[in-house]
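*Asks:*
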Amino acid sequence: MSETVNKKPVKICETVLRDAHQSLIATRMTTEQMLPIIDKMDKVGYHAVECWGGATFDACLRFLKEDPWDRLRKLKDGFKNTKLQMLFRGQNILGYRPYADDVVEYFVQKSVANGIDIIRIFDCLNDLRNLQTAVKAANKEKAHAQVALSYTIGDAYTLEYWEKMARNIEEMGADSICIKDMAGLLTPYEAEKLVKALKSGSKLPVELHTHYTSGVASMTLLKAVEAGCDIIDTAMSPLALGTSQPATEVMAKTFEGTPYDPGFDQTLLSEIADYFRPLREQWIESGLLSTKVLGVNIKTLLYQVPGGMLSNLVSQLKEMHAEDKYQQVLEEVPRVRKDFGECPLVTPSSQIVGTQAVLNVVLGERYKSLTKESKDLLLGKYGATVKPFNPEVQKLAIEQTGEQPITTRFADSLAPELDKLREECKQWIQQDEDVLSYALFPQVATDFFKYRKAQQDKIDPAVAKNGAYPV
Ligand code: CO
C-alpha cells in the first residue's frame, strides 16, 4: 500500500436536510422548514448537500403529506451552485422490496431530471450485482454514481476484502466510493487503514459517512482525512451528534490553517446554525427530538448493532411482553448474523436478523419459526453474502418452501413491471413521477393522491387525510 498522501482541502457533504433529521427526528423536517435557509447554504461551498432519498421519500408521502418530487424541484430551484445528493437502496430503490430493472432505471432517470446530481447507491449485502442497474442508469443520465459500501466488522471483512471491493466498484463504472458506516462502528485508527486500503484498490475519490452513535465519529473523520479521504459527511450543529453526523462547523474549524482546510466562512455557518437552532428547540419541546438519541450509545460498539436496530429490538420485545429477554436477544443477534452469511446490518438485513433473533429467543428454540424474509435471504433472493449460510439453517428454508436457493441476480427473474404499475394507479396520475411514488409505496401513495385531489377540490383535508376522499 502506498504511504504517500496527497494533502488537499477536504470536501464536505452537508446532511442536515436528509440523514441528520432522519436520524434524530424520524425524518420529519418539512420542505417549508428547509426553504428559507437554502440561499445561505448555497453560499457555503459544500461539495454537495444530501437532501433526498433514504427515508425522506416515504416520510414525505406518509407523514408530511408532501409530494417528494415537488420537494426536490423546490430544492433544485434554490441550490443554484451546490450539487444535490440522494441515497438510493440499490435494487430496492427507496422501498423495501427488489424492483424490476425498468422501475430502477425510470426512477434514476426521473431523479436526475428533477434535480439530483449525485446518487449514492448501496446494498445491504454489498452484493454489487444489486447495484449495477442503478449505476448504469446513473451513468446514462450523466449523474455522478457513487457506490456506498455498507461497513461492518467480522472475520470476512479484511482489508484485502475492502481493497478488492474498491477495485470491483471502479470496474463497474462508479465515479466514487463511500464508506457507509451506518452504525458508527468505524474507529479512528481502523478508518485510517480502511481509507488506505480503498485508495490502494482504486483511483476513485473516497467519501466517509459515519454516525456519532458510539461517540468516536469526529476522531474517525479526522484520521480518515489524514489518510487521504477526499470527502466527509457532516451536519450543521443543531442537528449533529448523537445518532446523526459530526458537526459541520466543528470539522471545518478543526482543519482551519491546515492543508485540509475546506475554507468555509464560520460567520456564514453560524448564521445557518442560528436558523436551525429554534427548530431544534421546537422539536425537543414536542418530544420529536429525544435526549435518548443524543447521548453516546456504547452498546453499538459492544454488540456491533446499529442504534436504530437496538430501539427496534426493544419495541418488538415490548409488544411480545418479553422485555426481560433483551440481553439474550443482543447475544443472539451476532449468532444469527453468522448463520446468515455474516451480512452487514443495515436496512433491510438489520430488520431480518433482528426479528429472527427475537423469535429464536422468545420461542425458546432457535429457528423454530423462520420469517418469510429470513427464508428469502437464505434462498439467495437478497443476493450473495460474503460467507456461506449455515447449511443446517438454509436446509430449513429449503424444506419449508420447497424452493431451491438461487445464485443468480434475483432481479433477473423479475419481469418488467412499470406498465402494470401505471395501469394500477392511472386514475391518480397527475405527473409522470406519480407512478414511481406508487411503485414504492402503493397504499401510502394512493392515500397521498387522494389527499392531494381533495385539496385541489377544496374538500376538508382533515377528512381526506385519512384516505377518505369519496371516489
Ligand atoms: Co447515515
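Taken in order, the sequence shown gives residues -9 to 461; the numbers are from this note's numbering.
The beta carbon of each residue, even a glycine, is placed where N, CA and C say it ideally should be.
No experiment lies behind these values; they were computed from the predicted model shown.
In this structure, how does DSSP classify residue 444 when only helix, strand and coil are distinguished?
*Replies:* By 1-based counting over the sequence shown, the position of residue 444 is 454. Reduced to three states, the DSSP call for residue 444 is helix.
*Asks:* For residue 448, I'd like the list of residues in its chain whose CB is within less than 7 Å of its CB, leaving aside the five on either flank, ordered along the chain.
*Replies:* For the purposes of this step, residue 448 is taken as the residue at position 458 of the sequence shown. Hits under 7 Å: none found.
*Asks:* List the endpoints of the continuous beta strand (DSSP E) containing residue 90.
*Replies:* Against the sequence shown, residue 90 aligns to sequence position 100. Neither: residue 90 is in no beta strand (DSSP E) and is coded neither H nor E.
*Asks:* Using beta-carbon positions only, say whether residue 242 and residue 251 come within less than 9 Å of one another.
*Replies:* To locate residue 242, count along the sequence shown from 1; it is residue 252. To locate residue 251, count along the sequence shown from 1; it is residue 261. A contact, by the Cβ cut-off of 9 Å.
*Asks:* Out of 240, 115, 420 and 121, which one is the CA nearest neighbour of residue 95?
*Replies:* Here residue 95 corresponds to residue number 105 of the sequence shown, with the count starting at 1. For the residues 240, 115, 420 and 121, the minimum Cα distance to residue 95 belongs to 121.
*Asks:* Restricting to Cα atoms, I'd like to know which of 322, 370, 248 and 337 is closest to residue 356.
*Replies:* As a working note, residue 356 is residue 366 in the sequence shown. Closest by alpha carbon: 322.
*Asks:* Could you say which of 188, 16 and 104 lies nearest to residue 67 if we only look at CA atoms?
*Replies:* Mapped onto the sequence shown, residue 67 falls at position 77. Checking every option, the nearest Cα to that of residue 67 belongs to 104.
*Asks:* Could you tell me whether the region 138 to 149 touches the region 298 to 309, using the rule of 3 or more Cβ pairs below 8 Å?
*Replies:* Contact fails: fewer than three Cβ-Cβ distances are below 8 Å.
*Asks:* Could you spell out the range, first to last residue, of the alpha helix (DSSP H) harbouring residue 354?
*Replies:* Residue 354 sits at position 364 when you count from the first residue of the sequence shown. Unbroken run through residue 354: none, as it is neither H nor E.
*Asks:* How is the beta strand (DSSP E) around residue 387 delimited, first residue to last?
*Replies:* Along the sequence shown, one-based indexing puts residue 387 at 397. Where residue 387 is concerned, there is no enclosing beta strand (DSSP E), although the alpha helix (DSSP H) it sits in stretches over 381 to 391.
*Asks:* Check whether the region 193 to 207 touches the region 111 to 118, taking contact to mean three or more Cβ pairs, one atom from each stretch, closer than 8 Å.
*Replies:* No, they do not touch.
*Asks:* Distance check for residue 399 and residue 190, CA to CA, integer angstroms please.
*Replies:* As a first step, residue 190 is located in the sequence shown; it is residue number 200 there, counting from the start. As a first step, residue 399 is located in the sequence shown; it is residue number 409 there, counting from the start. Between residue 190 and residue 399, the C-alpha separation is close to 28 Å.
*Asks:* Please classify residue 219: does DSSP put it in a helix, a strand, or coil?
*Replies:* Residue numbering aside, residue 219 sits at position 229 when the sequence shown is read from its first letter. Three-state DSSP puts residue 219 in coil, outside helix and strand.
*Asks:* Answer with buried or exposed for residue 329, where buried requires no fewer than 16 other C-beta atoms within 10 angstroms of its C-beta.
*Replies:* Numbered from 1 along the sequence shown, position 339 holds the residue referred to as residue 329. So residue 329 ends up on the buried side.
*Asks:* Rank 50, 6, 435 and 229 by C-alpha distance to the C-alpha of residue 419 and give the top, closest one.
*Replies:* Along the sequence shown, one-based indexing puts residue 419 at 429. Nearest of 50, 6, 435 and 229 to residue 419, Cα basis: 435.
*Asks:* Identify every run of the beta strand (DSSP E) within the region 79 to 157, keeping only runs that are complete inside it and at least 3 residues long; order them along the chain.
*Replies:* The qualifying runs are 108 to 112 and 134 to 140.
*Asks:* Could you say which of 0, 22 and 3 lies nearest to residue 269 if we only look at CA atoms?
*Replies:* As a first step, residue 269 must be located in the sequence shown, where it is residue number 279. Cα-wise, what sits closest to residue 269 is 22.
*Asks:* Does the Cβ-Cβ distance between residue 93 and residue 131 come in under 9 Å?
*Replies:* As a first step, residue 93 must be located in the sequence shown, where it is residue number 103. As a first step, residue 131 must be located in the sequence shown, where it is residue number 141. Not closer than 9 Å, so no.
*Asks:* To the nearest angstrom, how far is it from the Cα of residue 366 to the Cα of residue 294?
*Replies:* Looking up residue 366 in the sequence shown gives position 376. Looking up residue 294 in the sequence shown gives position 304. For residue 366 and residue 294, the distance between alpha carbons rounds to 24 Å.
*Asks:* Mind checking whether the beta-carbon of residue 199 lies closer than 8 Å to any heavy atom of the ligand CO?
*Replies:* Sequence index remark: in the sequence shown, residue 199 carries index 209 (1-based). Indeed, a heavy atom of the ligand CO lies less than 8 Å from the Cβ.
*Asks:* Which of the three DSSP states is assigned to residue 207 in this structure?
*Replies:* Position 217 of the sequence shown, counting from 1, holds the residue named residue 207. Here residue 207 sits in helix by DSSP.
*Asks:* Can you list, in chain order, the residues of its chain with a C-beta nearer than 6 Å to that of residue 217? Leave out the 5 residues immediately preceding and following it.
*Replies:* The count along the sequence shown starts at 1 and reaches residue 217 at position 227. Cβ within range, chain order: 182, 185 and 186.
*Asks:* Provide the residue(s) that pair with residue 2 in DSSP beta bridges, ordered along the chain.
*Replies:* Position 12 of the sequence shown, counting from 1, holds the residue named residue 2. Answer is 222.
*Asks:* Which class does residue 340 belong to by DSSP, given the choice of helix, strand or coil?
*Replies:* Your numbering for residue 340 matches position 350 in the sequence shown. Note: residue 340 maps to helix in three-state DSSP.
*Asks:* Helix, strand or coil, according to DSSP, for residue 191 in the structure here?
*Replies:* Within the sequence shown, the letter at position 201 stands for residue 191. If DSSP states are grouped into helix, strand and coil, residue 191 belongs with the helices.
*Asks:* Relative to the C-alpha of residue 282, which candidate in 416, 5, 0 and 13 has its C-alpha closest?
*Replies:* Translated into the one-based positions of the sequence shown, residue 282 becomes position 292. The option with the nearest alpha carbon to residue 282 is 13.
*Asks:* Checking 9 Å against the spacing of the C-beta atoms, do residue 84 and residue 48 come in under that value?
*Replies:* In the sequence shown, the residue the question calls residue 84 occupies position 94. In the sequence shown, the residue the question calls residue 48 occupies position 58. Yes, they are a contact pair.
*Asks:* As a quick exercise: from 403, 7, 423 and 161, pick the residue whose alpha carbon is nearest that of residue 57.
*Replies:* Mapped onto the sequence shown, residue 57 falls at position 67. Closest option to residue 57, Cα to Cα, is 423.
*Asks:* For residue 43, which residues does DSSP report across the bridge?
*Replies:* For the purposes of this step, residue 43 is taken as residue 53 along the sequence shown, with counting starting at 1. Paired residues: 77.
*Asks:* Since residue 431 contacts residue 51 with CB under 8 Å, what's their CB separation in whole angstroms?
*Replies:* Position 441 of the sequence shown holds residue 431. Position 61 of the sequence shown holds residue 51. Confirmed, about 6 Å.
*Asks:* What is the rounded straight-line gap between the Cα of residue 370 and the Cα of residue 383?
*Replies:* For the purposes of this step, residue 370 is identified with residue 380 of the sequence shown, where counting begins at 1. For the purposes of this step, residue 383 is identified with residue 393 of the sequence shown, where counting begins at 1. Their Cα atoms are separated by approximately 13 Å.
*Asks:* Just to confirm, are residue 212 and residue 233 a CB contact at a threshold of 9 Å?
*Replies:* Position 222 of the sequence shown holds residue 212. Position 243 of the sequence shown holds residue 233. Not closer than 9 Å, so no.
*Asks:* Comparing the CB of residue 13 with every heavy atom of the ligand CO, is any distance shorter than 8 Å?
*Replies:* The residue you call residue 13 lines up with position 23 of the sequence shown. Within the cutoff, so yes.
*Asks:* Could you round the C-beta distance between residue 176 and residue 169 to whole angstroms and report it? I think they count as a contact, below 8 Å.
*Replies:* Start at 1 with the first residue of the sequence shown, and residue 176 comes out as number 186. Start at 1 with the first residue of the sequence shown, and residue 169 comes out as number 179. Confirmed, Cβ separation roughly 7 Å.
*Asks:* Straight-line CA distance for residue 343 to residue 33?
*Replies:* By one-based count along the sequence shown, residue 343 stands at place 353. By one-based count along the sequence shown, residue 33 stands at place 43. If I take the Cα positions, the gap works out to 43 Å.
*Asks:* With a CB to CB cut of under 7 Å and the five nearest residues on each side skipped, what residues in its chain are close to residue 36?
*Replies:* Here the question's residue 36 lines up with position 46 in the sequence shown. Around residue 36: 2, 3, 4 and 72.
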